[in-house]
Amino acid sequence: FSGVLAEEVLWALLELQEQLAAIRAWAPTAERWVTLEDVCYAPLNPGDPTLGDCCVNSITQYFQNNGTHLAMTAPQSHGQQSGTVGWRDHLIYCINSPLSFKDITALELSCTARYGGP
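Following this note's numbering, the numbering of the sequence shown begins with 721 at its first residue and continues without gaps.
This is how it looks when you write it as structure tokens:
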């Protein structure tokens, strides 16, 4: 993978998203700090969303915006062939099956986003 799907780009995107999620602004009219949770679209918890409920459309959602998931590798065998699966294998699976709760690799990661949707 190269270009926008290079591993370094995914790590940079994940870091940028974490920085954006931490932004807060003072709302003088409301006399309080406003965060992403106050303004985000949270389809599965619209009444009282947490940051994890916010719908953020990003390729890193295939890893639930979790660096540990992005860094995971696992040994996998198929018949006489064996190797190591990682983020590329998970991404390819999820692009084809975005609603899967567990991929078919040895990683066994979900393809659904952190907020629970596709």
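We treat Cβ as the ideally placed atom computed from N, Cα and C, and that holds for glycine.
Item: Beta-carbon proximity list for F821, same chain, < 8 Å, skipping 5 on both sides; Value: S830, C831, T832
Item: Residues near F783 in its chain [Cβ-Cβ closer than 6 Å; skip 5 each side]; Value: H789, L790
Item: Of the residues D823, Y813, R808, the one placed nearest S722, counting alpha carbons only; Value: R808
Item: 8 Å Cβ cutoff met for N785 and L827; Value: no
Item: Inter-residue CB distance, L764 and G837 (contact presumed, cutoff 8 Å); Value: 7 Å
Item: Anticipated Cβ contact below 8 Å, Y835 with G772, distance rounded; Value: 6 Å
Item: DSSP beta-bridge partners of R752; Value: A747
Item: Cβ-based burial, L740 [other Cβ within 10 Å; buried from 16]; Value: exposed
Item: With 16 other Cβ atoms within 10 Å as the buried cut-off, status of L819; Value: exposed
Item: Buried/exposed call for L811, threshold 16 Cβ in 10 Å; Value: buried
Item: Q784 (DSSP reduced to helix, strand or coil); Value: coil
Item: Distance between beta carbons of M792 and G803, contact taken as under 8 Å; Value: No, G803 and M792 are not in contact; Cβ-Cβ is about 15 Å, not under 8 Å.
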